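Take a look at the structure set out below.
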Amino acid sequence: MRKPFMRFARLHKVFSRETLFIVPPKRSSWLKVRLTHTYRPTLTPMLVLQLFVLIGLIQGVLGMAILLTNIRSNSFTVRYDTICALGSQCTIPVHLPPMSKPTIYYVIDTFYQNHKDYADSVSPDQLSGRNVSCSRLNSECYPLRGCDGGVCPHTPCGLRFATRFNDTISVQVNGTEMPIDASHVAWDTDLKKYSPSFLKDEPEAERRRTIAWMRVGPFSRLPKPYGQLTDTISGPASLVVDNHYPVHMGQAKYVTIRSGSTTGSKALGWSMVLGGLVCWTAAMAVRWAIEHAAPMVVA
Amino acid sequence: MALRKRKGATAEASRVIQANTPSNKAYAGNKVSTAQYSLLTSPLLLLSQFKKFSNLFFLFVAVINLIPGVSVFNPINILTPIVFILTVGVIRELLEDLGRKKSDMRANRAPVSVYREGRLTTARCSALRPGDVIVVREGEEVPADILVLASSDVDDVAYVQTANLDGETALKPRYALGPTAALPEALLGSWKGTVTVNGPTRNLDFIEGRVDTEPEPEPEAIAPMDEMKHTPTASPQDAKPVNMQTLHRLVIPTARKGSMQYLTPGPRVGAGMQTMTPQRVKHRPGLDMFSTSAVEDIESDAGSDILGLQPVDPSVSLDNLIPRGSKLANTTDAHGLVVYAGHETKMYLNVTKAHPKTSRLDRQVNIVILLCIVLFAALIIGSAVMSTGFSYYMQRADHWYLELPRETLLFALGKAMLSYFVLYAMIIPLSLFVSLEVTRFIQSSRLSRDPAMVDVPDGPVDRSDPRQRVISRTSALNEELGYVRHLFCDKTGTLTLNDMVLRRMMAGDAVYDVRDDGRLESPDTGLGVFIRDTRSALLALAMCNTVVPDNLAPSSPTSEADLSVYDDDSVDEDVIKTDEGEIFPTRRPHERQFQAISPDEGALVQAAHDNGVSLATRTKKSVLIDYYGQERKFSIVAVLEFTSDRKRMSVVLREDGRRGFLVVSKGADSVMLENIVDAPADVRRRIKDFSEAGLRTMVVGTRTIPSLIGAAWVKEWSRVNGIVGDPGKEAKLDALRREVESSLSFSSVVGIEDRLAVDVAVTLRRLLQANIKIWVLTGDKLETAVNIGYSAGLLEVEDDLHIVTGTDEQAILGTLEELTAVGPEPSAVMRTSPHMAKKYPGMTGARSHRALVISSEALDIALQHPETLYLASQSCAAVLCCRTAPMQKARVVKCVRSSKDKPVTAAIGDGANDVAMLRMAHVGIGIAGKEGLQASRTADYSIPSFRHVSRLMLVHGRWNYRRLVTMVIYCLYKNLAAALCALVFSFATAFSAQPLLLGNTIMLYNVLYTFLPPVVVGITFTDAPAKALELFPPAYSPHQLRSLLGPRAVFTWTVETAWTVAAILFVTAGSFAYGGVFSDGTVGGLGMFSLLVTTSLLLTVLIRVFLLCGVTWHLLWTSLLSLIAYVFCIQGMSFFNQSPQYFATTAVLWSPTGVCSIILAVSLALAPAVFVQAWGRHARAPTYVAVKEAFRRRAL
């Protein structure tokens, strides 16, 4: 039997004149019926078997790699909207697993930032510092008004900005506050896009967190980065939370401290490994089919 | 303005037209314009695009999307695909209209010879108006509806061929109007008579009216000498100026019924006319026949009371009308008066759009689209309800940040429905219609370029010649060829070449075979023609026909030596007497070609020619026969034409220099033998022998009539022929015909072979193996049809023929029901596949050894019970219908196609008599053959010869069907997948109509990213090579039984689509544990999620096509191109500030989360398809594998 994969190796055919250009080869026009196909691999069971093994292998390797990068990752989550009354500052004692330079996230559950009305209620041009007419602001920032009486507001309009997250979070170990670096909270491209005058009066960290907030999350469980601790943390600590952001029935607010991973999560790694296993199982099934099911015979 | 005029014209009751008067402005001119748009009205072109449902639908979507509160997408995203589709549509329409404009221009600019102010000039066709007198020459197309004023022909007859109008190729005689027939041609240019006719009608067979000759024409309105040269028949001495008043003295007006009746010498009594006005009346050479020989004879015998003045009929009837589009033939030229011009001509009034045929696949696609619409509606309503519910809940739960407006329930519902209408519009595959059109067009063009279906083995192909290559005229039926169940074949010209050759002959008692060189040879003695009987029989064959010889070389003078060899005994009263001579034609007479309208006549004349009796010249009045080197001249006294009722034709002749008349009659044995008095005893056995050898038999009889009796008959014949307007005329003529065609002497029986076309047997066998039921519908008689059936391999020796003849309804139905009781023949699939055999144990078996042969009259009765006939045919391997008329053929097709199984039918034929059948069948296949291009033109596909039909259907039809089905399914799949993404994501967005796929993907998904691969599939996908399909016809039959686009396919594909969408969405969502994390700690958002989902979906869709069709280079490069376009567009989108990624697409795609989720999502989405396909290929081997296996086992 010929090795099917060797067929793919014929790169000179891939880059031949016939394939690269629409120009037909001299003898047989593209429009003419070609009687013989020079290359016609079909999905024979053996080829499929090999395909499954290969894809399973790729997935397994990638999954293992993700798991390996996440092997030292640890995370800690605490819900604080039930502990801490709205409008007050609370200190929540926590016992953290060892984490090196962890990222602090705040998570609002059941928060429809991806709701169409909410996500659309922003004027990108205004954010980048361009002059936008009042009527356009009004239509772009619906359901809020973009400007009143023809006067353009100094602050950006729209729901996204108006409802920005305003809780503050800090971590204290033995009474000393850990420094939080908010420089990797927002995308570089976003920072470039927003005009320098956007929240120029507020601290840079706050500005960046707002920019991160403005990037709409995909699901109703909304995690947003708050900042990174610059040091390793472990053992007893306390979270100091200023609870200002109102949440209601069915919603929840969490603080998550998470370390180690730059490649997504362990879940992704496990699902990759699982995917690889599924592929291999399929390969085994095909092999079984080859051995046990008799092929049809043409009389 | 023009429109109003035309409208008025249809209501016009009658019109009065004065000849040669330019004042007939009230009636439409001859300018035609069929183009739909002009420069001014070209915007309508765009409007016409919205006649299509899909275009209108998407315009509606775009308009809804513009409503502020409802808008889902950036308007650009919705408008771009619509603009693309509209542009394609407009360009196509524009090209078609330009084509029409071009043909209009060609029609309008054609030169016409017309009289203007008495002079014959050449004008443009469009300049003609009613009232113009024009001259049409032989072979020219008539530019307007004209009344014949005069003809160059003897009897003032102009022969026309109206094939362009009604498809009939036979020449039709049209007679000059009574009052003008007698006028010299020179005067017609200034004739000022008026014609009153009815207004223009669509009815091709209706015109009535009256001619009024102007009593006092102006003398100066006479054509000058020099113009006369333009009229070809007017010789100079004829053309001398004629005083009109002298002429009109001949025309004696008599008053009758208030209208003017004129008496002029009738055209058929030229002798009398000659004596009265020898110079002034147009020279009529054709009348000499009577005047010089026959008539003088008659005069001496029977007096001249038939001569004299006849009332001239001033009425205008169909006999005078030559409609636009017909061709003048066999007539040098004719003068005509334009009565209807331009759009008022019969041809243009009859221009209706041909009823377009649609294929089964089209109907199924429509059903699937309907399903899509139902799903669409259900999704919209469901989503709107969910949306309203969510709004209500979130207001109660105080999701304050959304600032949800308080709306009434109905308003909220309506708004949500409109939003989801736009969001889910992707379910309706907009691009499918464009893809289908483009694909079918290219399929047709590839079909007509197939090098294996060209009829010239060497040298360049003449593309314009339908005799050389396949032409696809209806690309909408490309796939219909792929599941034909019944094929209706014409016999003559289709299964056979329509190339007739005399094969056997019985003359007197002697029977001859015809050698390959054409010579007769007695099979017993090996000797040639030496019996007197045979020679006179050959003479009879040479005379009794309408064949015109085409003398290629000048006749070489026959040498004395040769002459001496030939017996100069003539045909006379004693012609039948046996008189043995020692005559062998020692040399072949010089080469001649014979122009025969019917090929069997040509074969007989050729046979006579090959054996020394050669037809040298034929005019209307005489034949000159080279009888073994001796010239014998016969005057034709009368020709009794062949009609299908009489089934015979006869000529009445007189040989020069002899007294007495000779009648030669030939026709079908059934009628001829009744009238032959001295037929040899074994003649019927011989006829049977000939028939069984597959020959078409004819019997020839002769009779001599003594001068006196003959002359009386001729006199009576001329008299009855001259009667105008007697309803009993035809009955009288019939009686006269019977009088001469009775008590004939036996002359010969001829057996003519119609040769089988190339590879007929092989082709038919393949079609039968492909489970296609063959019906042969022939005009031949039963025996011939059966013999052709055997020789073509349609029937086998052991077949049990069920022959149905007669008119006994009970007997016919009895036979049919007996056949029905047997049950349907097992299909080819069941015969060839053990898999099917296991599934349907009772259905296997060999080809049924039954065949139904049915005659015309029995068929008429059987057609009254169509279901019985259909069921009976189902149990037979083949059905042969004999002696069928054109309409009967169409009725048989209709009977089958409208039976309860609704099988797909195809008809194949070559002649004008097959046109009705070709139109009736689902697919009409024409053969461009000897009988003209009628069938080829009206058919949906035209092939050069019958053998190509197997490739056309088994290979191209099957290919195209699989291609289109694959393409349709794929288009539905990709669109449904895109729409389902939005549906599933709605659960995460509180049903707020938030789209998931990137904005530009909505815009370009159908028209750029996934447009090419399905088109390439539709053009190039081949699941089995052509050779295998030709060698393994059973591969064709599964599609006849079960559609590939049935409920099962729709269900499987919907499930797969749902799986695909679920796999992609959940895998990608799963990888977003913390919103999608980058190495620098930032997280992705909705934009990153849509980018990953879109990419995964596109990759899945693009890879899926390879699973469907295998990896081919065309597919590979188009998919790569699509992918490159996608990457380019999502990058380029950033420049328009549309991207939610803002220049970060590359970073997103190459982030670990991105790469991993894409790989996992795509492989998970495709895994079941790959698995099922691999499993299926193994367990239920498709044709391709089956064929390979068969090759390996050398079973083919």
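If you read the protein sequences in the order shown, they are chains A and B. full-length UniProt numbering numbers the first residue of the first sequence as 1 and each following residue consecutively. full-length UniProt numbering numbers the first residue of the second sequence as 1 and each following residue consecutively. Just so you know, even glycine gets a beta-carbon here, dropped at the ideal spot from N, CA and C. The structure presented is a predicted model; accordingly, all values stated were derived computationally and were not measured.
Which value, in whole angstroms, describes the spacing of the CA atoms of residue i and residue j?
| i | j | result |
| --- | --- | --- |
| A/Glu202 | A/Ala186 | 16 Å |
| B/Ala978 | B/Trp1053 | 14 Å |
| B/Ala510 | B/Ile531 | 8 Å |
| A/Glu204 | B/Asn77 | 37 Å |
| A/Arg79 | A/Lys253 | 6 Å |
| B/Gln994 | A/Leu137 | 21 Å |
| B/Val148 | B/Gly178 | 10 Å |
| A/Ile58 | B/Thr1146 | 22 Å |
| B/Arg473 | B/Ala939 | 7 Å |
| B/Gly710 | B/Arg703 | 11 Å |
| residue 1226 of chain B | A/Asp117 | Residue 1226 of chain B cannot be examined here, being either before or after the span of chain B that is shown, 1 to 1196. |
Can you tell me which of the options puts its alpha carbon nearest to the alpha carbon of residue i?
| i | options | result |
| --- | --- | --- |
| B/Tyr1074 | B/Thr1068, B/Val1083, B/Phe1066, B/Val1067 | B/Val1083 |
| A/Tyr194 | A/Gly275, A/Met272, A/Val122 | A/Val122 |
| A/Leu68 | A/Ala289, A/Ala285, A/Thr281, A/Met272 | A/Met272 |
| B/Ala603 | B/Thr697, B/Val1015, B/Ala858, B/Ile788 | B/Thr697 |
| B/Trp1150 | B/Leu1123, B/Leu1166, B/Phe1078 | B/Phe1078 |
| B/Ala928 | B/Ser942, B/Val915, B/Gly1070, B/Leu98 | B/Ser942 |
| B/Gly69 | B/Met417, B/Pro179, B/Gly342 | B/Met417 |
| B/Ile322 | B/Thr331, B/Ala770, B/Gly336 | B/Gly336 |
| B/Pro706 | B/Val955, B/Ser936, B/Asp734, B/Arg654 | B/Arg654 |
From the beta carbon of residue i, is the nearest beta carbon of chain A less than 8 Å away?
| i | result |
| --- | --- |
| B/Pro599 | no |
| B/Glu403 | yes |
| B/Ile1159 | yes |
| B/Gln1040 | no |
| B/Asp914 | no |
Based on DSSP bridge pairs, tell me the residues matched to residue i.
| i | result |
| --- | --- |
| B/Lys773 | B/His486 |
| B/Phe746 | B/Gly701 |
| B/Arg210 | B/Thr196, B/Ser315 |
| B/Lys327 | B/Glu141, B/Gln161 |
| B/Ala1069 | Looking at the DSSP assignment, B/Ala1069 forms no beta bridge with any residue, so it has no partner. |
| B/Asp513 | B/Arg504, B/Glu521 |
| B/Ile676 | B/Leu744 |
| B/Pro179 | B/Pro179 pairs with nothing; no bridge assigned. |
For residue i and chain B, any beta-carbon pair shorter than 8 Å?
| i | result |
| --- | --- |
| A/Thr103 | yes |
| A/Ile83 | no |
| A/Asn114 | yes |
| A/Ala282 | yes |
| A/Ser238 | no |
| A/Ala205 | no |
| A/Phe5 | Any reading at A/Phe5 must be qualified, since the residue scores a pLDDT of 44, below 50, and its modelled position is unreliable; the value itself is stated next. Not one chain B Cβ lies under 8 Å of A/Phe5. |
| A/Val53 | no |
| A/His244 | no |
Residues of the segment 172-189 of chain A with Cβ closer than 7 Å to any Cβ of chain B, in chain order: Cβ contacts with chain B: His184, Val185, Ala186, Trp187, Thr189.
Against chain A: residues of the segment 195-208 of chain B by CB proximity under 9 Å: Look at the segment 195-208 of chain B: it has no residue with a C-beta under 9 Å from a C-beta of chain A.
Against chain B: residues of the segment 116-140 of chain A by CB proximity under 7 Å: Legend: CB atoms of the segment 116-140 of chain A lying less than 7 Å from CB atoms of chain B belong to residues Lys116, Asp117, Tyr118, Ala119, Pro124, Ser139.
Residues within the segment 46-62 of chain B neighbouring chain A, beta-carbon criterion of under 8 Å: Within the segment 46-62 of chain B, no residue qualifies.
Short-range partners of chain A found in the segment 925-950 of chain B, where Cβ spacing is below 9 Å: Residues: none.
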